[in-house]
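Chemist: Once you've had a glance at the structure underneath, I'll fire off some questions.
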Amino acid sequence: MTSKQPKGKPVERDKALDMALGQIEKQFGKGAVMRMGEDAKIKVASIPTGALSLDLALGIGGLPRGRVVEIFGPESSGKTTVALHAIAEAQKAGGIAAFIDAEHALDPTYATALGVDMDALLVSQPDTGEQALEITDMLVRSGAVDIVVIDSVAALTPRAEIEGEMGDTHVGLQARLMSQALRKLAGTLNRSRTSAIFINQLREKIGVMFGSPETTPGGRALKFYSSVRLDVRRIESLKDGTDVVGNRVRVKVVKNKCLAAGTNVFDPTTGLTHAIEDIIDREAGAAVWAADKAGQFHIRPIVARLNQGEQQVLTLGIRGGGTLRVTPDHLILSEDGWCRAGELSVGDRVARPRRVGGFGENRPIPAEHARMLGYLIGDGYVGGKTPIAFINAQESLREDAKTIATALGCKATSRHNGLHVAFSHRPGEKNGLLELCRWAEIYGHLAPEKRIPPSLMTQDVAEDLVANLLFGIFESDGWISRERAGAIRCGFATTSEQLARQIHWLLLRWGISSHVSVHQPGERRSVIAGRPVVGKLPCWQTRISGIDNARRFAEAIPTWGPRGQKLAECLADPALRKHRGSQQVYLPTNAWEPVVAYLENRGLTPATVAAIVGDGAGDPRGGFRQVLGSPRLRRDRLERIAETLDSKFLQEVLADEV
């Protein structure tokens, strides 16, 4: 006879687990044991190698911090050179580097030529392997060193071998030494965020008939503990006449546990961003933006999802922080036309959306309700049994929110010195604010889960609704800054990646270019009031750069709020006239010749064109190129000419959306 499971059993089990986790955290510290779902995905910080192609191949922009890296290869293949380049990059970023020269062969002159600051480099030439690894451990434990290079593993001679006689056998002694050292270093490296680079040599196994006879000394521990293993090979000698002046080197990423996530694809029908692997494997997303041959964007449904299997993939780094992962034969629009990704070189200009989509006449809610949703997405919370909360330091914004909530059947209660406003329904009346939040699908979403309501992401939504929505978010979660040169930047900051990317696509409807980037506060130690800050979430930013984009933004949304007024005040500064604006101001290089030919055929001279352009035109004595923009054709100047001449040709040149 079987007994039934008591109803309270799962509850008792959960309580027992919570008690155990509490005791573990009390004894070993918070975070000793955690559920993976409770911790946000952490971007692995990196140190550049100095070689862009290698940084892209590694997937995270360089060698990972807090990890073990092994660089191996034949003699004179460039192993130490790769490590010294990484040291130079770490020093350029203000870091401290150490070099454990177990081979006693470091060339200071050569290292200086590679960019290493020898005056700041910590160098040790230990007598034994134990001494070298002990020094490494002490440097890493200090938490002050960013990168430590050990050159090389083969030269880490155990003390017993040095003190013994020639011919004595010491089976597995170096392997045990490395295994013990890596066990001690692994956790310390992670806590101190220090990169440990082990340079290793190659040996050959005797009697190997099949497979590669090559192996590396030091046992197998280093292979397992290494997050990245780089195989460096010299493939060609570069000569000046008969003199060898350099080597061409191939670096193969043999092992990499730090590959970046897949490419994100925006679905304009839902306003959500999906990873490409989710689109293929989980059938996420329904449509994409696609550009036609004329450079115009259209919504196209996804009609097939094909898994192409494993193929060679290129990672293209785009100025502004974006990346694109495609196969080498993937077609990409550059300023010279469509070309294969494998044919692109560093410095080539590729097309980016200048304007995507537009607005319609659909008005599912009033403009003030869209503004209220912006306040709550930025500095509010709706969920549970507690009243709807809005926290903001600006009185004008709090009063505006109170007015809107009152019209929706709610009463407003000020708390915490007036900064916190709680909205609850009036007895006997309908809670219209709560219904609005449920309609917008923001009910119960914490900050990392917040997103734009789907009904306000559609292509036919009215422009003023989106403007008021972004006004509410900007006044609560926005920022304004000035660069050192005086240029203006503004944007949005949030812990929700989805929200940051949605704002980016909404701004493109006005032709406002922006960049989405992420800042990892957890990578830097911070202390507030003498207490360390822990559990910090990634901060996603949608950044608007360039005077042209900042002006469009100020024209697109209401600016009566405190932050909007400050932006308008900054834009009124006459000193901003000297700033050229973003890359969006310029037309492709291939537009130069047809535009100049057209102006000459119309009988126009550089002086005449300069008079049409007015303020901001270049010196006509330098010809059309100086008047219209140097080194590239400026869109704003050509727009004035097209309007004055009522030229259909110039309007077609300006009509592209990329």
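Position in the sequence shown (from 1) plus 1140 gives the number in the numbering used here. Just so it is clear, CB atoms sit at the ideal spot from N, CA and C, and this is done for glycine as well.
1) Would Pro1593 be called buried (16 or more neighbouring beta carbons within 10 Å of its own) or exposed?
2) Output yes or no for whether 8 Å exceeds the beta carbon distance between Glu1243 and Ser1319.
3) Near Ala1233, which residues of its chain fall below 7 Å by C-beta distance, leaving aside the five closest residues on each side in sequence?
4) Relative to the C-alpha of Leu1454, which candidate in Trp1732, Glu1165, Gln1791 and Ala1197 has its C-alpha closest?
5) Hey, how far is the Cα of Arg1780 from the Cα of Pro1493?
6) Quick one: complete beta strand (DSSP E) runs, 3+ long, within the stretch 1207 to 1285?
7) In whole angstroms, what is the alpha-carbon distance linking Asp1257 and Gln1341?
8) The beta strand (DSSP E) that contains Phe1563, what's its start and end?
9) At 4 residues or longer, what runs of the alpha helix (DSSP H) sit wholly inside the stretch 1282 to 1313?
10) May I ask you to report which of helix, strand or coil DSSP gives Thr1116?
11) Give the straight-line distance between the Cα atoms of Ile1227 and Gln1265, rounded to the nearest whole angstrom.
12) Using C-beta distances below 7 Å, list every residue in its chain close to Phe1789, excluding the 5 sequence neighbours before and after it, in chain order.
13) In chain order, what residues of the same chain lie with their CB nearer than 6 Å to the CB of Lys1219, ignoring the 5 residues before and after it?
14) Would the stretch 1307 to 1324 and the stretch 1358 to 1370 be scored as touching if the rule is three or more Cβ pairs under 8 Å?
15) To the nearest angstrom, how far is the alpha carbon of Val1486 from that of Ile1544?
16) Is it the case that the stretch 1578 to 1585 contacts the stretch 1555 to 1570, given that we only count it when at least three CB pairs across the two stretches are under 8 Å?
17) Going residue by residue through the stretch 1551 to 1634, where are the continuous alpha helix (DSSP H) segments of at least 4 residues, counting only ones entirely within it?
18) Closest by CA to Arg1703, which one among Ser1564, Pro1441 and Arg1629?
19) Would you check whether the ligand SAM has a heavy atom nearer than 7 Å to the C-beta of Ala1696?
20) Please report how far the alpha carbon of Thr1189 lies from the alpha carbon of Gly1457, in whole angstroms.
21) Are Asp1759 and Gln1766 touching if we call contact CB-CB under 8 Å?
22) Let's test the definition: count the other Cβ atoms within 10 Å of the Cβ of Asn1532 and tell me whether it reaches 16, buried, or not, exposed.
23) What would DSSP say about Thr1328, mapped onto helix, strand or coil?
24) Between Leu1224 and the rest of its own chain, which residues show a CB-CB distance below 7 Å, the 5 nearest in sequence each way excluded?
25) Under 8 Å: do the stretch 1688 to 1695 and the stretch 1652 to 1660 share three or more Cβ pairs, one atom per stretch?
26) Give me the residue from Asp1380, Val1394 and Lys1379 with the minimum Cα distance to Val1368.
27) Please report the distance separating the alpha-carbon of Glu1569 from that of Ser1685.
28) Looking only at DSSP bridge pairs, what is Cys1679 linked to?
29) So the alpha helix (DSSP H) Glu1377 belongs to, where does it begin and stop?
30) DSSP on Pro1527, reduced to helix/strand/coil?
31) Between the beta-carbon of Val1466 and the beta-carbon of Ser1366, is there less than 8 Å?
32) Can you tell me which of the three DSSP states Asp1488 falls into?
33) Taking 7 Å as the limit between beta carbons, can you name the residues of its chain near Glu1354, skipping five residues before and five after?
34) Just to confirm the assignment, what range does the beta strand (DSSP E) spanning Gly1543 have?
35) Verify whether the separation of the beta carbon atoms of Ala1552 and Phe1563 is less than 8 Å.
36) What is the residue span of the alpha helix (DSSP H) that Gly1199 lies within?
Modeler: This is what the structure gives:
1) Pro1593 should be labelled buried.
2) no
3) none
4) Ala1197
5) Answer to the nearest angstrom: the Cα atoms are 22 Å apart.
6) 1208 to 1212, 1237 to 1241 and 1262 to 1264
7) If I take the Cα positions, the gap works out to 26 Å.
8) Counting along the chain, Phe1563 sits inside the beta strand (DSSP E) bounded by residues His1560 to His1565.
9) 1299 to 1303
10) Because the chain is modelled from 1141 through 1798, residue 1116 falls outside the range shown and cannot be assessed.
11) 17 Å
12) Tyr1738
13) Ile1211, Gly1213, Ile1339 and Val1372
14) A contact exists between the stretch 1307 to 1324 and the stretch 1358 to 1370.
15) 52 Å
16) These segments do not touch.
17) 1572 to 1579 and 1603 to 1617
18) Arg1629
19) The model on display carries no ligand, and the ligand SAM is accordingly not part of it.
20) 15 Å
21) With respect to Gln1766, Asp1759 sits close: the two C-beta atoms are nearer than 8 Å.
22) Asn1532 sits buried, since 16 or more C-beta atoms from the chains shown fall within 10 Å of its C-beta.
23) helix
24) Ala1251, Leu1254 and Val1256
25) yes
26) Val1394
27) 46 Å
28) Looking at the DSSP assignment, Cys1679 forms a beta bridge with His1659.
29) The question names Glu, but residue 1377 is Ser in the sequence shown. Ser1377 -> not in any alpha helix (DSSP H); beta strand (DSSP E) instead, spanning Ser1366 to Asp1380.
30) Pro1527 falls in the coil class under three-state DSSP.
31) Cβ distance not < 8 Å, so Val1466 and Ser1366 don't count as in contact.
32) In the structure shown, Asp1488 sits in coil (DSSP, three-state: anything other than H, G, I, E or B).
33) Leu1342 and Glu1344
34) A quick correction: the sequence has Thr, not Gly, at residue 1543. That residue, Thr1543, is in no beta strand (DSSP E); its alpha helix (DSSP H) goes Glu1535 to Ala1547.
35) yes
36) Premise fails: Gly1199 is in no alpha helix (DSSP H) and is neither H nor E.
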